[in-house]
Amino acid sequence: MGSMIDTIVQAEIENLAPMPASIARLAGVVGDANASAQDIAQVIELDQALTANVLRLANSAWSAAAKEISSVREAVLRLGGARILELAVGHRVARSMSGRCDGYGLGEYELWRHSVAAALAAERLDRFVTKPVPGVAFTAALVHDIGKLLLNRHLDRDVVAQIEAVAESEHLVQVEAERRVLGTDHAEVGGVIASHWKFPAPLVQAIEYHHDPDVQPNALLDAVHIANAVAKLVGMGLGTEGMNMRASPESGSRLGLTATGLESLCAVVVTDLAKTEELWGCKRHGA
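Each residue of the sequence shown is one higher than the last, beginning at 152 in this note's numbering.
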């Protein structure tokens, strides 16, 4: 990043919702294919608040537990480590991502709805592909646009107009024009935030390169790239960017996603979105 933008990021990053160390550790363990339920439970048990929330969720009507769950390990076996991580991160960032994001043309709840739609797409993706999708894809997709929250504070009308003018005159997609004008873009800033939260490197990379999956191809990054596109395709979080973005056909090919599978994935996301908003407690008024 340019020095000016780097200064802005470092000065304002603390204004975002802080991420407890226990959640960062949980992200690392969940992302480890060799981790057991006991490994995940041990991380959760080090945080009293997280333990309480996990047990509450495991015994909620939403989880439909047949009997009362009294231990964290039982909760992990019931919910799964990836689901616990996504709920922990989601509840942490939901409030900050629910407000207006005027610099991107997003009204109240629109950035959050886009993020939830992308997370759902990442979670449901494994039904429609032939390659495994990492369990942390939901969490990475949920916070892939976190950088917009920070950059939004520096996108006044003149800057937005400049970005739009550059995009039109130089035939650039929105994120490229943003990079040209600001010296950085929301994806790169999102990666800085994820690093600040001490998220594991693969998750940071998936956020930072979600517009450029062919730079460092891997299943997690491809999943988040596709998830962002699906959220846009179902009309969530279009804002000033609209569909002025580049979708990589290679991402879908690497995971084994067909055109028919993409259509089906979009339909599933639309169906599940309202229910998931209720789970987060962030259902838009009047929606």
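Built from N, CA and C at the ideal position, the CB exists for glycine as well.
Every value quoted in this text rests on a predicted model; they were computed, and no experiment measured them.
Worksheet item: Since Pro353 is in the alpha helix (DSSP H), which residue starts that stretch and which ends it?
Response: Pro353 -> alpha helix (DSSP H) spans 352-359.
Worksheet item: Which first and last residues belong to the alpha helix (DSSP H) in which Arg275 is found?
Response: It spans 261-275 - the alpha helix (DSSP H) in which Arg275 sits, taken as one unbroken run.
Item to complete: Could you have a look at Gly437 and say whether DSSP puts it in helix, strand or coil?
Response: Here Gly437 scores only 42 on pLDDT, less than 50, and its place in the model should not be relied on; the value that follows carries that caveat. In the structure shown, Gly437 sits in coil (DSSP, three-state: anything other than H, G, I, E or B).
Worksheet item: Which runs of the alpha helix (DSSP H), 4 residues or longer, sit entirely within the region 278-360?
Response: Within the region 278-360, the runs of alpha helix (DSSP H) at least 4 residues long that lie entirely inside it are, in chain order, 288-293, 297-302, 308-320, 325-333, 337-347, 352-359.
Item to complete: Give every residue of the same chain whose Cβ lies closer than 7 Å to the Cβ of Val181, excluding the five residues on either side of it in the sequence, and list them in chain order.
Response: Apart from sequence neighbours up to five positions away, the residues of its chain that approach Val181 with a beta-carbon distance below 7 Å are Ile191, Gly232, Ala233, Leu236, Gly286, Val287, ordered along the chain.
Item to complete: Select from Gly342, Glu319, Asp183, Asp365 the residue whose C-alpha is nearest the C-alpha of Glu392.
Response: Nearest neighbour of Glu392 by Cα position, chosen from Gly342, Glu319, Asp183, Asp365, turns out to be Glu319.
Item to complete: Count the other CB atoms, across all protein chains shown, that sit within 10 Å of the CB of His436; report buried if there are 16 or more and exposed otherwise.
Response: Its pLDDT being 43, under 50, His436 is placed unreliably by the model, and nothing is read from it.
Worksheet item: Taking the DSSP output, what are the residues bridged to Leu257?
Response: Beta-bridge pairing links Leu257 to Cys252.
Discussion item. I need the DSSP call for Val439, collapsed to helix, strand or coil.
Written reply: Examination of residue 439 is not possible in this model, given that the chain is present from 152 through 438 alone.
Worksheet entry | Val385 - containing alpha helix (DSSP H), residue span | It is not in any alpha helix (DSSP H) - Val385 carries neither H nor E in the DSSP assignment.
Practice prompt. Starting from Leu206, follow the alpha helix (DSSP H) in both directions and report where the run begins and ends.
Written response: From DSSP, the alpha helix (DSSP H) with Leu206 extends over 199-209.
Worksheet item: Comparing the CB of Ser320 with every heavy atom of the ligand NAP, is any distance shorter than 7 Å?
Response: As far as ligands go, the structure on display features none, and thus does not contain the ligand NAP.
Discussion item. For Ala189, count the other beta carbons within 10 Å of its own beta carbon; 16 or more makes it buried, fewer makes it exposed. Which is it?
Written reply: First, the residue type needs correcting, since residue 189 is Gln and not Ala in the sequence shown. Residue environment for Gln189: exposed (fewer than 16 other C-beta atoms within 10 angstroms of its C-beta).
Worksheet item: Can at least three beta-carbon pairs, one atom from the region 296-304 and one from the region 254-271, be found at a separation below 8 Å?
Response: The answer is yes - the region 254-271 touches the region 296-304, with three or more Cβ pairs under 8 Å.
Worksheet item: When the Cα atoms are used, what is the spatial distance from Met170 to Gly250?
Response: Approximately 19 Å between the Cα atoms of the pair.
Worksheet entry | Segment contact flag, the region 305-316 with the region 363-379, C-beta cutoff 8 Å, min 3 pairs | Inter-segment contact for the region 305-316 and the region 363-379 is absent: fewer than three beta-carbon pairs are separated by less than 8 Å.
Practice prompt. Please report how far the alpha carbon of Glu261 lies from the alpha carbon of His361, in whole angstroms.
Written response: When rounded, the distance between both Cα atoms is 19 Å.
Fill in: Inter-residue Cα distance where the pair is Glu163 and Val324
For Glu163 and Val324, the distance between alpha carbons rounds to 27 Å.
Worksheet item: Between Ile344, Gly407, Ala380, Thr422, which lies nearest to Met396 when the distance is taken from Cα to Cα?
Response: If we check each option's Cα against that of Met396, Ala380 comes out closest.
Worksheet item: Just curious, the alpha helix (DSSP H) that Leu229 is in, first and last residue?
Response: For the sequence presented, residue 229 should be read as Arg rather than Leu. Residues 223-230.
Discussion item. For a quick check, are the C-beta atoms of Ala292 and Ala270 less than 8 Å apart?
Written reply: Closer than 8 Å, so yes.
Item to complete: Indicate whether Val421 and Ala272 have their beta-carbon atoms separated by less than 8 Å.
Response: The answer is no: Cβ separation not under 8 Å.
Discussion item. Does Ala168 come out as helix, strand or coil in the three-state DSSP assignment?
Written reply: In the structure shown, Ala168 sits in coil (DSSP, three-state: anything other than H, G, I, E or B).
Item to complete: Kindly indicate which residue of Val284, His337, His322, Asn204 has the alpha-carbon position closest to the one of His305.
Response: Looking at the Cα atoms, His337 is the closest of the given residues.
Worksheet entry | Opening and closing residue of the alpha helix (DSSP H) in which Val366 lies | Counting along the chain, Val366 falls outside any alpha helix (DSSP H), and DSSP gives it neither H nor E.
Discussion item. Would you say Ala175 lies against chain C (beta-carbon separation less than 8 Å)?
Written reply: Given the protein chain composition of this structure (a single chain), no chain C is represented.
Fill in: Cα-Cα separation, Lys282 to Leu276
Rounded to whole angstroms, Lys282 to Leu276 spans 10 Å at the Cα level.
Fill in: DSSP-derived helix/strand/coil call for Glu219
Coil, per DSSP.
Worksheet item: Glu428 to Ala345, Cα distance in whole Å?
Response: Just so you know, the alpha carbons of Glu428 and Ala345 end up roughly 23 Å apart.
Worksheet item: Taking C-beta to C-beta, are Gly390 and Gly256 nearer than 8 Å?
Response: Result yes, Cβ atoms of Gly390 and Gly256 sit closer than 8 Å.
Practice prompt. Apply the 10 Å Cβ neighbour rule to Met394 and answer buried if 16 or more other Cβ atoms are within range, or exposed otherwise.
Written response: Flag for Met394 reads exposed.
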